[in-house]
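In the numbering used here, the protein residues as written are 5 to 285.
Every residue, glycine too, gets a C-beta built ideally from N, C-alpha and C.
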């Protein structure tokens, strides 16, 4: 048997040329086979769906692409996060509240709903506001049709309008009652410990623990034709914005310059859907 070292240099060059030629022929053959197979797959696809259906499918795809290029604000809803994101236990703390539920998504969890605490907080807010519960209920009832557009349908499908009105009234008042106590350091009056307060503070900024900002605006009396940053605001409004800023800004500005930025955001054509949306630039 001869070894590779027995061939002269000339034979080696000829051998390399033969190999290159074989490689080139193989490449051309593969390309032709791939092209033929691809064409067969296209023909089979068109045969299955038909020419008309294929054209219609392409038209629908093009239309969907044009639609998807619109504003993302149209798709912001209060909804559950995709279940796949909750398969990881470490992610749940970023979506599910640990101390107090707000809104419909976790309202069926008795460990989070805490009716007694909510009633105390709501009563505190109503008393401080100088209004009655009927005043607030009437406002929410009047605006419920518009308020429901802030939710994904699946999040409120099990609620009647009356049930949803009461839930939003209770949770909205409770949330603002907590905010007032937190900002003014009066949590001890409602026997809320510092540890419990810290958990509730975090819960109010979780994605699955939201109510429409429209509800909070109604309860705080934010509205009217004059922009909010050009008129005086009452204490409940100021307390709310202090709480939002202090909870989400590392270096809390003592002069509250960021209040003006938040006020302008509310007065834009697009009202924030919920508190997290209010923080979004």
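Helix, strand or coil: how does DSSP classify residue i here?
i: residue 244; result: helix
i: residue 82; result: strand
i: residue 129; result: helix
i: residue 221; result: helix
i: residue 120; result: helix
i: residue 95; result: helix
i: residue 251; result: helix
i: residue 226; result: coil
i: residue 115; result: helix
i: residue 103; result: coil
i: residue 87; result: helix
i: residue 283; result: helix
i: residue 43; result: Reliability fails at residue 43, whose pLDDT of 49 lies under 50, so the model's placement of it is uncertain and the value that follows must be treated cautiously. It is helical.
i: residue 109; result: coil
i: residue 212; result: coil
i: residue 238; result: coil
i: residue 191; result: helix
How far does the alpha helix (DSSP H) with residue i in it reach, from first residue to last?
i: residue 184; result: 165-187
i: residue 140; result: 137-146
i: residue 159; result: 157-160
i: residue 277; result: From DSSP, residue 277 is part of no alpha helix (DSSP H); its letter is neither H nor E.
i: residue 2; result: Nothing in the structure corresponds to residue 2, since the chain is present only between 5 and 285.
Assuming residue i and residue j are in contact, meaning their beta carbons sit under 8 Å apart, how far apart are those beta carbons, in whole angstroms?
i: residue 125; j: residue 181; result: 4 Å
i: residue 160; j: residue 216; result: Going by Cβ atoms, the distance from residue 160 to residue 216 rounds to 11 Å, so no, they are not a contact pair.
i: residue 144; j: residue 219; result: 6 Å
i: residue 83; j: residue 158; result: 7 Å
i: residue 112; j: residue 183; result: Not really, about 24 Å apart at Cβ, beyond 8 Å.
i: residue 211; j: residue 280; result: 7 Å
i: residue 173; j: residue 141; result: 5 Å
i: residue 209; j: residue 247; result: Not quite, the Cβ-Cβ distance comes to about 10 Å (not below 8 Å), so this is no contact.
At least three beta-carbon pairs within less than 8 Å, the region 85-103 to the region 193-205: Yes, since at least three Cβ pairs between the region 85-103 and the region 193-205 fall closer than 8 Å, the two stretches touch.
Mind the definition here: the region 91-101 touches the region 164-172 only if three or more C-beta pairs lie below 8 Å; say whether that holds. With contact defined as three or more Cβ pairs closer than 8 Å, the region 91-101 and the region 164-172 are not in contact.
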